[in-house]
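Read through the structure below, which is laid out as structure tokens, and then see the notes.
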């Protein structure tokens, strides 16, 4: 298992958390998604390392922006 934390910009409420969790959780291989709304962090656990562009596309689909590390 691999755990990676991403910074997401634009989340302001519980609906935002649900949207991001749903989209990122739909990426093949993802087993868990934890969103820290206050910190703007999304922690993703997956079976193998994820392609950052896949995560970026999922966050974008939810309507938010992945912040460059």
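In my numbering, the protein residues as written are 16 to 84. From the three backbone atoms N, C-alpha and C, an ideal C-beta is built for every residue, glycine too.
Three-state secondary structure (DSSP) at residue 37? It is helical.
Cα separation between residue 21 and residue 75? Residue 21 and residue 75 have their C-alpha atoms roughly 13 angstroms apart.
For residue 81, the nearest candidate out of 57, 27, 51 and 29 (CA to CA): With distances taken between Cα atoms, residue 81 lies closest to 57.
Is residue 26 closer than 8 angstroms to residue 39 when the C-beta atoms are compared? Result no, Cβ atoms of residue 39 and residue 26 do not sit closer than 8 angstroms.
Whole-angstrom distance between residue 43 and residue 52, CA atom to CA atom: Cα to Cα, the separation comes out at about 23 angstroms.
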